[in-house]
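Per our numbering, residue 2 is the first one in the sequence shown, and the count goes up by one each step. C-beta atoms are modelled at their ideal positions from N, C-alpha and C, and glycine is treated no differently. These numbers come from a predicted model, not from an experiment.
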Amino acid sequence: CEPLHIQYSYDDRSVVVVNSFLKEFKGLKAFVSVLNLDLTEKFSREITFDISPDGVERVVTIPEIQNLSTTYFVKLELKDSDGTTHSSNFYWLSTKKAIFDWQKSYFWATPMISYPDYTALQTLPKVELTVSSKIVIQEEEELVYVEVSNSSKNLAFAVNLRLTKGEGGKEIIPVLWEDNYFSLLPGEKKEITAIYLGKDLKKQNPVVVTDGWNLN
């Protein structure tokens, strides 16, 4: 869990920053965007704020927006006063809300009467990503630094990185990824670090494999 984290609240559409550090942060900036399925921007805010040690700050509430596509996106980013990104989140939401049947609720589950509509995600155009990586060996542990770039004009949705034992080999498990299953807007790039044990390679070279919802 990130010690400094930005998140969206499904119940009231608020954007909240959680600080688990025992120190104050001043001059933080939250960037909030609401995007239609075709990535047209429907709402945007930049909020500068301070947060107390072990504190929670509700920075903005996204208003009800007219003419949203049935499936839409919320992008959140949290930066410090130096411009360093500390947290980011990308949500896919639906104007068709989930409706629960609370009268039939049990302690392990509550059935749903109506489901959100995400079927439009199937229409996302295909995307080609550029991926580069560098391996650093540190005694028993090895680190791989991966940079993923989206130079296309479309969203790269739910990108998943894996490490395999050589080209076409079995997946290396376990691997501690800094982030995964992320999305990239057009022109965005992301740098991610992963840690694994060198002995798990069994003397084979690690290969970064990129999968995703709408990748070629």
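Under the rule that 16 or more other beta-carbon atoms within 10 Å means buried, what is Asn181, buried or exposed?
The residue you call residue 181 lines up with position 180 of the sequence shown. So Asn181 ends up on the exposed side.
Per the DSSP calculation, Tyr9 is bridged to which residue(s)?
The count along the sequence shown starts at 1 and reaches residue 9 at position 8. Answer is Val16.
Decide if Tyr73 is buried, meaning its Cβ has at least 16 other Cβ atoms within 10 Å, or exposed.
Translated into positions along the sequence shown, residue 73 becomes position 72. Tyr73 is buried by the Cβ-count criterion.
Classify Ile7: buried if its beta carbon has 16 or more other beta carbons within 10 angstroms, exposed otherwise.
By 1-based counting over the sequence shown, the position of residue 7 is 6. Classification of Ile7: buried, given that the 10 Å Cβ count is 16 or more.
Determine contact between the segment 108-115 and the segment 79-89, defined as no fewer than three beta-carbon pairs at a distance below 8 Å.
Output reads no: the segment 79-89 does not touch the segment 108-115.
Run through DSSP, which three-state label would Lys105 get?
The residue you call residue 105 lines up with position 104 of the sequence shown. Helix, per DSSP.
If you draw a straight line from the alpha carbon of Leu198 to that of Leu216, how long is it in whole angstroms?
By one-based count along the sequence shown, residue 198 stands at place 197. By one-based count along the sequence shown, residue 216 stands at place 215. Their Cα atoms are separated by approximately 29 Å.
Less than 8 Å separating the beta-carbons of Ala31 and Ile52?
For the purposes of this step, residue 31 is identified with residue 30 of the sequence shown, where counting begins at 1. For the purposes of this step, residue 52 is identified with residue 51 of the sequence shown, where counting begins at 1. Cβ atoms of Ala31 and Ile52: not closer than 8 Å.
Just grab the DSSP bridge partners of Ser95 for me.
Within the sequence shown, numbered from 1, the residue matching residue 95 stands at position 94. According to DSSP, Ser95 bridges with Thr72.
Compare the beta carbon distance of Val149 and Lys203 with 8 Å and say whether it is the shorter of the two.
Counted from its first residue, the sequence shown places residue 149 at position 148. Counted from its first residue, the sequence shown places residue 203 at position 202. No, they are not a contact pair.
How would you write the range of the beta strand (DSSP E) that Ala1 sits in, first residue to last?
Absent from the structure is residue 1, since the part of the chain shown begins at 2 and ends at 217.
With three or more beta-carbon pairs closer than 8 Å as the criterion, would you say the segment 110-130 touches the segment 161-176?
As far as the Cβ criterion goes, the segment 110-130 does not touch the segment 161-176, which means the pair count is below three.
Please give the ranges of any beta strand (DSSP E) in the segment 136-173, keeping only runs that are unbroken, at least 3 residues long and fully inside the region.
142-150, 157-166
For Asp201, does the three-state DSSP call read helix, strand or coil?
Counted from its first residue, the sequence shown places residue 201 at position 200. Helix.
With 16 as the cutoff for other CB atoms within 10 Å, does Val57 come out buried or exposed?
On the sequence shown, position 56 is the one that residue 57 refers to. Under this definition Val57 is an exposed residue.
Which two residues bound the contiguous beta strand (DSSP E) that contains Ala31?
Position 30 of the sequence shown holds residue 31. Unbroken beta strand (DSSP E) run through Ala31: 26-36.
Would you check if the distance between the CB atom of Pro126 and the CB atom of Asn155 is smaller than 8 Å?
For the purposes of this step, residue 126 is taken as the residue at position 125 of the sequence shown. For the purposes of this step, residue 155 is taken as the residue at position 154 of the sequence shown. In contact: Pro126 and Asn155 (Cβ atoms closer than 8 Å).
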